[in-house]
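In what follows, a single structure is set out as structure tokens and then discussed.
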Amino acid sequence: GESVGLHLPTLSVQEGDNSIINCAYSNSASDYFIWYKQESGKGPQFIIDIRSNMDKRQGQRVTVLLNKTVKHLSLQIAATQPGDSAVYFCAERQGAQKLVFGQGTRLTINP
Amino acid sequence: DAGVIQSPRHEVTEMGQEVTLRCKPISGHDYLFWYRQTMMRGLELLIYFNNNVPIDDSGMPEDRFSAKMPNASFSTLKIQPSEPRDSAVYFCATSSTGVRTGELFFGEGSRLTVL
Numbered sequence: 306g307e308s309v310g311l312h313l314p315t316l317s318v319q320e321g322d323n324s325i326i327n328c329a330y331s332n333s334a335s336d337y338f339i340w341y342k343q344e345s346g347k348g349p350q351f352i353i354d355i356r357s358n359m360d361k362r363q364g365q366r367v368t369v370l371l372n373k374t375v376k377h378l379s380l381q382i383a384a385t386q387p388g389d390s391a392v393y394f395c396a397e398r399q400g401a402q403k404l405v406f407g408q409g410t411r412l413t414i415n416p
Numbered sequence: 286d287a288g289v290i291q292s293p294r295h296e297v298t299e300m301g302q303e304v305t306l307r308c309k310p311i312s313g314h315d316y317l318f319w320y321r322q323t324m325m326r327g328l329e330l331l332i333y334f335n336n337n338v339p340i341d342d343s344g345m346p347e348d349r350f351s352a353k354m355p356n357a358s359f360s361t362l363k364i365q366p367s368e369p370r371d372s373a374v375y376f377c378a379t380s381s382t383g384v385r386t387g388e389l390f391f392g393e394g395s396r397l398t399v400l
């Protein structure tokens, strides 16, 4: 069936470097994507979203890129900080409010 | 606002026992979701409600699981009888129509261990 998935389960970066987390989706009809961050022992927290009529959206230190041709989504975090250590999920909207989450990528920051 | 409040935070029970998880949504939010998180299957949507009415329960694993939302400020997820494979973190999340569509507000979860 249709699914949202991630290329890498773990990512380790040096503090201060940029991080790029990737996500592949299979439903070409998907029109809305979201990135969530989950810190240890907590629930997921919204980071940024993007609609399918856009290819890029920027927030504070984060950028989401959408490539509909290859059905690929990425989250870029600039100047990674220790507080960015978490599991990051991409999610795909199915229906008005239903979100389907990918498996997640664990980001660890090396000092 | 206190956010989404879930209880209990941790529950350890024996196989065959009934488990009830509780959720208090953010006031004014009209959507409520129950998710289950495991290492193997990630975050799975179990059921969601709109204005206290169940909309989609296709993710509920089997008849042992049931969810209710008797009013706008309370929901329960019940497992009866519980089995070891039900061990997971169960999240309640809420959202509001008209606010950013993808922004679900999650509680801190209820970690269930079934022995």
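Heads up: the protein sequence lines correspond to chains A and B, in order.
Here the first sequence is numbered in the numbering used here, starting from 306 and rising by one per residue.
Here the second sequence is numbered in the numbering used here, starting from 286 and rising by one per residue.
Glycine included, C-beta positions come from ideal geometry on N, C-alpha and C.
In this text, all values refer to a predicted model and were calculated from it rather than measured experimentally.
- Leaving out five residues on either side along the sequence, give the residues of the same chain with a beta carbon under 7 Å from the beta carbon of G313 (chain B). Only S381 meet the Cβ criterion.
- Message: Using a Cβ-Cβ cutoff of 8 Å, what residues of the segment 365-380 of chain B are near chain C? List them in chain order.
- Response: Of the chains in the structure shown, none is chain C; the protein chains are A and B.
- Message: Within 8 Å of any Cβ in chain A, is that where the Cβ of F334 (chain B) sits?
- Response: For F334 (chain B), the answer is no, since every Cβ of chain A falls outside 8 Å of its Cβ.
- Query: Any C-beta of chain B sitting closer than 8 Å to the C-beta of P349 (chain A)?
  - Reply: Output row for P349 (chain A): interface = yes.
- Would you list the residues sitting across from E296 (chain B) in a DSSP beta bridge? BP columns for E296 (chain B) point to B:L397.
- One or two residues paired with L330 (chain B) in a DSSP bridge: Paired residue(s): B:Y320.
- Counting contacts by CB-CB distance shorter than 8 Å, is L412 (chain A) in contact with chain B? For L412 (chain A), the answer is no, since every Cβ of chain B falls outside 8 Å of its Cβ.
- Rank B:C308, B:E296, B:G327 and B:M345 by C-alpha distance to the C-alpha of A287 (chain B) and give the top, closest one. Per the Cα distances, B:C308.
- Item | DSSP three-state assignment for R370 (chain B), whether helix, strand or coil | Correct three-state label for R370 (chain B): helix.
- Query: Taking the DSSP output, what are the residues bridged to K342 (chain A)?
  - Reply: In DSSP, K342 (chain A) forms a bridge with A:Q350 and A:Y393.
- Evaluate contact between the segment 364-382 of chain B and the segment 297-311 of chain B, counting only Cβ atoms and requiring at least three cross-stretch pairs below 8 Å. As far as the Cβ criterion goes, the segment 364-382 of chain B touches the segment 297-311 of chain B, which means the pair count is three or higher.
- Run down chain B in chain order and give the residues with a C-beta less than 7 Å from the C-beta of G409 (chain A). Within 7 Å Cβ-Cβ: G327.
- Query: Using a C-beta to C-beta distance shorter than 7 Å, which residues of chain A count as neighbours of G392 (chain B)?
  - Reply: Residues of chain A passing the Cβ test: G348.
- From the beta carbon of L404 (chain A), is the nearest beta carbon of chain B less than 8 Å away? Yes - at least one Cβ of chain B is within 8 Å of the one on L404 (chain A).
- Consider the Cβ of L389 (chain B): report whether some Cβ of chain A lies at a distance smaller than 8 Å. Chain A contact via Cβ: present.
- Message: On the criterion of 16 or more Cβ atoms from any shown chain inside 10 Å, does M354 (chain B) qualify as buried, or is it exposed?
- Response: With 16 or more other Cβ atoms within 10 Å, it is buried.
- Task: Output yes if chain B places a C-beta closer than 8 Å to the C-beta of G306 (chain A); else output no.
- Result: Low confidence applies here, because G306 (chain A) scores a pLDDT of 35, under 50, leaving its location unreliable; read the following figure in that light. For G306 (chain A), the closest Cβ of chain B is not nearer than 8 Å.
- Query: Can you name the residues of chain A whose CB is closer than 9 Å to the CB of D341 (chain B)?
  - Reply: What D341 (chain B) touches in chain A: G400 and K403.
- Query: I think N323 (chain A) touches I382 (chain A), with their Cβ atoms under 8 Å apart; what is that distance to the nearest whole Å?
  - Reply: About 7 Å separates the CB atoms of N323 (chain A) and I382 (chain A); that is less than 8 Å, so the two are in contact.
- Backbone secondary structure at P387 (chain A) - three-state DSSP: The three-state secondary structure of P387 (chain A), taken from DSSP, is helix.
- Query: Listed in chain order, which residues of the segment 300-330 of chain B have Cβ atoms closer than 7 Å to some Cβ of chain A?
  - Reply: The segment 300-330 of chain B vs chain A, Cβ under 7 Å: Y316, G327, L328 and L330.
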